[in-house]
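Engineer: I'd like to ask some things about the structure below.
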Amino acid sequence: MSVGLVDTHCHLADRRYDADRDAVIERARQAGLTHMVAVGGGGPIEDSEASYELARRFPFLRSTAGIHPHDARNYDDLIEARIEALLEKPEVVAVGETGLDYYYGHSPRKAQREALARHIALARRTAKPIVLHCRDADDDLREVLTTEAPGGLRGVVHCFTGTYENARWYLDYGLLISFSGVVCFPKSQDLRHIAARLPLDRLMVETDSPYLAPPPHRGKRNEPAFVAHVAETLATAHGVTAQAVIEATARNAADLFCLA
Ligand SMILES: [Zn+2]
Ligand SMILES: [Zn+2]
Numbered sequence: 001m002s003v004g005l006v007d008t009h010c011h012l013a014d015r016r017y018d019a020d021r022d023a024v025i026e027r028a029r030q031a032g033l034t035h036m037v038a039v040g041g042g043g044p045i046e047d048s049e050a051s052y053e054l055a056r057r058f059p060f061l062r063s064t065a066g067i068h069p070h071d072a073r074n075y076d077d078l079i080e081a082r083i084e085a086l087l088e089k090p091e092v093v094a095v096g097e098t099g100l101d102y103y104y105g106h107s108p109r110k111a112q113r114e115a116l117a118r119h120i121a122l123a124r125r126t127a128k129p130i131v132l133h134c135r136d137a138d139d140d141l142r143e144v145l146t147t148e149a150p151g152g153l154r155g156v157v158h159c160f161t162g163t164y165e166n167a168r169w170y171l172d173y174g175l176l177i178s179f180s181g182v183v184c185f186p187k188s189q190d191l192r193h194i195a196a197r198l199p200l201d202r203l204m205v206e207t208d209s210p211y212l213a214p215p216p217h218r219g220k221r222n223e224p225a226f227v228a229h230v231a232e233t234l235a236t237a238h239g240v241t242a243q244a245v246i247e248a249t250a251r252n253a254a255d256l257f258c259l260a
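Heads up: the sequence shown at position 40 corresponds to 40 in this note's numbering, and the numbers run straight through without jumps.
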């Protein structure tokens, strides 16, 4: 199976897909997606376990295991043991999503930083890449990364909405940057300008579904099939064809998540 259009970050275990999950996955395949990464951490640890079950059912699906920064206050040794057990499975290709979310602040900042540090340790121990979430917390994320993994880390800052300077820092540190439907929003001109200045050979595309549906689906439940809109927006920003974006981002996703 060759790698083409990939939704590198979707929450397929979310209960909003309970009624029609298989149809959603089938629509993504019809839309030309070759792979999807079902990200764990959209809720309790059971979400990562459900994502793994999906990855076992579908050969073009992979999953990740971790605890979202929203739920960082619940992180403990028992949860870590369950994440670690998942990371032993070949279908589970990354640690996360983890990171820092100071915008919502559902968990105390200290708990978020501690959970992030432990996810980084897991990534180093298992040699699997890390999926990072960051909202209004770039300074602290950079600091935790530098402290816990001074030599850099393989992984991705997903749903990037930050500044050019921060994007540059993450790339120099060794991470990839992934754009979601946010880059397609009419108001996101600044983000599109930033995207245009970043090298395509370091970018990936995602939906973060069921959240953040791009136009013309805005306000509705998002789904992996819509990732094509993100690729088209990046293509326009870079002045290249959508196919060129799909090929470049596919290589990056294949490398990072060992897709074939
Ligand atoms: Zn996220
Ligand atoms: Zn997510």
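Don't be surprised by glycine CBs; every beta carbon is placed ideally from N, CA and C.
Under 8 Å from any heavy atom of ligand 2, does the C-beta of Tyr17 make it?
Structural biologist: No, the beta carbon of Tyr17 sits no closer than 8 Å to any heavy atom of ligand 2.
Engineer: Looking only at its own chain, which residues have a Cβ that is under 8 Å from the Cβ of Cys258, when we skip the five neighbours before and after it?
Structural biologist: Contacts found: Val93.
Engineer: Are the Cβ atoms of His119 and Gly66 separated by less than 9 Å?
Structural biologist: Yes. Within cutoff.
Engineer: Regarding Asp7 and ligand 2, is the C-beta to nearest heavy atom distance less than 8 Å?
Structural biologist: Not so, every heavy atom of ligand 2 lies at least 8 Å from the Cβ.
Engineer: What residue does the alpha helix (DSSP H) around Glu206 start on, and which one ends it?
Structural biologist: Segment: none, Glu206 is in no alpha helix (DSSP H) and carries neither H nor E.
Engineer: Note down, in chain order, each residue of its chain lying with its Cβ closer than 6 Å to the Cβ of Ala242, except the 5 sequence neighbours on either side.
Structural biologist: Cβ neighbours of Ala242 beyond the five flanking positions: Ala231, Glu232 and Ala235.
Engineer: Where His217 and Arg192 are concerned, what is the direct C-alpha to C-alpha distance, given to the nearest angstrom?
Structural biologist: Distance between the alpha carbons of His217 and Arg192: 19 Å.
Engineer: What's the gap between the Cα of Gly239 and the Cα of Ile25?
Structural biologist: Those two C-alpha atoms are separated by around 30 Å.
Engineer: Which one or two residues does DSSP pair with His133 in a beta bridge?
Structural biologist: His133 pairs with Gly99.
Engineer: On a CA-only basis, which of Arg29, Glu53 and His35 is nearest Val205? Give me that one, please.
Structural biologist: Ranking the options by Cα distance to Val205, first place goes to His35.
Engineer: Counting C-beta neighbours from all protein chains within 10 Å, is the total for Gln112 16 or more, i.e. buried, or is it exposed?
Structural biologist: Counting Cβ neighbours within 10 Å, Gln112 comes out buried, since at least 16 surround it.
Engineer: Provide the residue span of the alpha helix (DSSP H) that contains Asp76, from first to last.
Structural biologist: Careful: Asp76 lies outside any alpha helix (DSSP H) and carries neither H nor E.
Engineer: Around the Cβ of Asp208, are there at least 16 other Cβ atoms within 10 angstroms (buried) or fewer (exposed)?
Structural biologist: Its Cβ being crowded by 16 or more others within 10 Å, Asp208 is buried.
Engineer: Beta-carbon within less than 8 Å of Tyr75's beta-carbon, same chain only, minus the 5 sequence neighbours each way: which residues are those?
Structural biologist: Here the set comprises Ile67, Ala111, Glu114, Ala115 and Arg118.
Engineer: Go through the region 9-68 residue by residue and report every complete run of the alpha helix (DSSP H) that reaches 4 residues or more, in order.
Structural biologist: With a minimum length of 4 residues, the continuous alpha helix (DSSP H) runs that stay inside the region 9-68 are 21-30 and 45-57.
Engineer: Please determine if the region 52-63 and the region 123-133 are in contact, where contact requires at least 3 C-beta pairs separated by less than 8 Å.
Structural biologist: These segments do not touch.
Engineer: Pull up the DSSP beta-bridge partners for Phe179, would you.
Structural biologist: Answer is Val205, bridged to Phe179.
Engineer: Is it buried or exposed for Ser2, if we count other Cβ within 10 angstroms and need 16 for buried?
Structural biologist: Counting Cβ neighbours within 10 Å, Ser2 comes out exposed, since fewer than 16 surround it.
Engineer: In this structure, does DSSP put Val93 in helix, strand or coil?
Structural biologist: Correct three-state label for Val93: strand.
Engineer: Cβ-heavy atom distance between Asp261 and ligand 2 below 8 Å?
Structural biologist: What is shown of the chain runs 1 to 260, which leaves residue 261 out entirely.
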